[in-house]
Amino acid sequence: MKALYPPFLPPRDLPKRVLVVAPHPDDEVFGCGGMLAWHGRLGATVRILVLSDGAAGDPGHRDERIVETRRRESRAAGAVLGFSDYRFLDLCDGHLGTVVDLHARIARELEEFQPELVYGPSPQELHPDHRATSRALIAALARGPRRRVFLYGVNAQVTANVLFDTTAVRALKLAAVQCFESQIAYHDLVAKGTAVDISRTVNVEDAGVVYMEGYAEVWSDELSAYERELTAVQARVLGAERTSAEALGLPRASAVISTWNKCAVVCENLRSIRAQSLPFAEVIVVDNASHDGTAERIAREFPEVRLIVMPHSAYGACETFNVGFASATGELVAILDDDVVLPPSWLEQATLRLLGEPKTTAVVSTETIEPGMPPEYIAASKAKGRRYMSTFRGCGSLARRAALAQAGYYDERLFIYGNERDLTCRLLNLGYRVLQDPEIEIHHMTPFGIQMGKRSLYYHARNAWLTMLKYAPLEDLLRLPFLVVSQVLLRGERSEAAGAATDATGTIGIGKSIRETPGAAWILCKAALSVLWNAPYCLKHRQPVKAPDFQLPLG
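Per our numbering, the very first residue in the sequence shown carries number 1; after that it's consecutive.
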C-alpha cells in the first residue's frame, strides 16, 4: 500500500483573494489562524464572514455584553494578523442549523466578494453550528464557479491532505489567540491550540518545523461527494444524522427522474440536485435505454445516484416513472423531469410547505418557469396564489410516497403526457388534495406550451379523453366536446399568454399544434380511434370524481 503522508505546500503560491467562513467569532483564528497570518504577511485580500453572534460563549454569564465583546476580540485578532474586513451576520449562536436560508446568505457573500480561495469548517466537525455551517457552505459553493476550498477543524482534527509550516508566523497566531480573553477564561485555548499545531508535525523529520496546520483541500465541484462520504463515516462512527433532513427532524426525500437521450440536460439537473440546501436522501434516475451515453456519464460523474437502466427504450414515461416510484424509500418523493434545474432551496421550501399542510395534501406542485413564458402568464399564475387543483406539474412536484402508492402511481396505458391529471383524479377520490404553490419555482428547459410534433399531439388529445372518460362526472363529460372547441381549440395565443390556462398547461398551444403539425387531422382521428378502443377499459375503471377540487382540463 502507498504512503499517505500529506504534502507540504508553500503559502506564497496560494491565491490572493481569500474568504474565511467562521461559525463563531474566534473560529477563524482557531481554525486557520496560522494561514491567515501567512496571507496577511503576503499581502492577500482577506475577508472574514462570521455567522453567529457568539452569545452562547459566556455560560457563566460573566459579561453582560458578550456579543460586543466577542466581536471586538475577533476584530483585534484580525488586526494582529493583518486584516480588518469583517462581515458579522449576527445569527443566533447555537441555532445555525435552523436558519433555513443560511446557504443563501453565504452564497450572496461569495457572489459579492468573489474569492479565489475559501476556508470553512469540515463536515468532520462535532459542534452543531460548525456542522450546519459546513453543510450550508458546501451548498452555496456547489452552484458557483469552481473554487479552491480548504476545510479546517476546530473541535475535531480534519483528515488533512495538505500541510503548511506555520512556525515562522507562530508568534502572530499566538498573539491573535490571546485576544479571545472571554473564551480563554473557560478553556486553556492557548495550550490546546498549540498542542494541535505541534501534533501536525508528528511525521515531519525537519527539526526546524515546530508548528503546522493541516487542511482538507477539496475543489468546490467535488465537495458534495466528499461530504456525502464523510457523513456516512460520521453516521457509522459517531451516530451522526445521515442527512440534513434527519438533523432537522424532517422526512427523507427521494428524487425520481425518468430520462431518455438527454445526457447534457439531465446532468445539469443532477448538479442542481447536488446543490440543494436540504439534500435529498436518495436520487433515482430511470434511464430508458438511452443511446447517447446518458447512463455511462451518470455512473461516472454522479456515483451517488441509484441508476436503473431499462432493457430497451420502448417503455413509456409513465412506466419508467413508476419504476422509480416503486424503488424510492423516502417518505417524500420529488417528481422531476430530466430537463429541469432546481433552485438551491427548492426541496427545502417544498418540504416545509408540504409539512405545513394537512396530511390530506398529497402533492405540492411548484411554479414552473420556462423559456418563452410570457411575463403576463407568470404574473397571472402568481396572482392566483396558493390553490388546490385537479392536476400537478410533473416536471417539478413533491409528493407523499404513501399517497402515490395508494393511488396506484401513473396509469401506464397513457404512456406519456396527461398522466398527472389522471393520477390526481384518483388522489381526489381517495380524499387527498393537490396544492399549487406559485411561490416555489423550478426552471424547465423545455419552451413554453406543449411540445410540437405528432407524438405530442396524439397523446395529449387521446389521454385527455381517456382520463375524462374514467373520472369526469356525467354532466361534465356530456358538455366536454363543446367546451373543448370553445375554450381550448378556439382560444387565442394572446389569451394563453395572458394566463388563461395556468391550471391546464397541457392545453397551451394545442390549437397551434393542430394547425402546424403535418397530418394533424389524421393524428386526431387515430387518437379518437384509440379512445374508442380503450373505452371499455375506461368504463371498467370509471370512478367519477365528486371532490370540489375537480375541474375539466380547460384552463
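A virtual CB, placed ideally from N, CA and C, is assigned to each residue, including glycine.
For Pro371 and Val340, the gap between their C-alpha atoms comes out near 11 Å.
C-alpha of Ser134 to C-alpha of Gly120: approximately 7 Å in a straight line.
For Asp13, no beta strand (DSSP E) encloses it, and the DSSP letter there is neither H nor E. The three-state reading of DSSP puts Thr159 in coil, since its state is none of H, G, I, E or B. Here the alpha carbon of Arg386 sits roughly 13 Å from the alpha carbon of Glu441. Taking the Cα positions, Val265 is about 19 Å away from Gly316. Counting along the chain, Met310 sits inside no alpha helix (DSSP H), nor does DSSP assign it H or E at all.
Between Ala56 and Phe280, the alpha-carbon positions lie close to 31 Å from each other. In the DSSP assignment, the residues bridged to Ser254 are Glu282 and Val333. Taking 8 Å as the upper bound for CB-CB distance, Gly144 and Leu110 are in contact here, some 6 Å apart. DSSP links His460 through a beta bridge to no other residue.
It is roughly 30 Å from the alpha-carbon of Ala535 to the alpha-carbon of Trp260. Boundaries of the beta strand (DSSP E) around His444: Arg433 to His444.
Within the segment 337-422, the runs of alpha helix (DSSP H) that reach at least 4 residues and sit entirely inside it are, in chain order, 346-355, 375-384 and 401-407. Residue burial is scored here from C-beta neighbours: Val286 has at least 16 other C-beta atoms within 10 angstroms and is therefore classed as buried. In this structure the segment 171-187 does not lie against the segment 141-161, because fewer than three pairs of beta carbons, one per stretch, are closer than 8 Å. When only Cα atoms are considered, Ala168 and Arg131 end up about 31 Å apart. Inclusion of Tyr86 and Arg75 in the CB contact set at 8 Å is warranted, their separation being smaller than that value.
Here Leu91 is bridged, per DSSP, to Ser52. Closest in C-alpha terms to Arg70, from the list Gly82, Ala275, Met373 and Leu51, comes Leu51. Using a 10 angstroms sphere on the CB of Gln234, the tally of other CB atoms reaches 16 or more, which defines it as buried. Judged by DSSP in its simplified three-state form, Met35 adopts helix. The Cβ atoms of Asp549 and His444 do not sit closer than 8 Å to each other. If you check the CB distance, Pro123 and Glu246 do not come in under 8 Å. Residue state for Met1 is assigned as coil, using DSSP reduced to three classes.
For the 8 Å CB-CB criterion, Ile335 and Ser254 do not form a contact. Gln349 counts as buried, since no fewer than 16 other beta carbons sit within 10 angstroms of its beta carbon. Per the coordinates, the alpha-carbon of Gly239 lies some 32 Å from the alpha-carbon of Val363. Here Glu420 has Thr391, Phe392 and Gly394 as same chain residues with Cβ atoms under 6 Å from its own Cβ, once five neighbours each way along the sequence are excluded.
In the three-state scheme derived from DSSP, where H, G and I count as helix and E and B as strand, Ala547 is classed as coil. Taken atom to atom, the span from the alpha-carbon of Arg252 to that of Tyr410 is near 22 Å. A Cβ-Cβ separation of about 11 Å leaves Ala22 out of contact with Gly33 under the 8 Å criterion.
Its chain contains Arg252, Pro279 and Ala281 as the residues whose beta carbon lies nearer than 7 Å to that of Thr243, once the 5 sequence neighbours on both sides are disregarded; these appear in chain order. Between the alpha carbons of Arg271 and Ala136 lies a distance of about 16 Å. As the crow flies, the alpha-carbon of Pro375 is around 20 Å from that of Leu342. In chain order, Cys267 place their CB closer than 7 Å to the CB of Glu301, counting only its own chain and leaving out the 5 sequence neighbours on each side.
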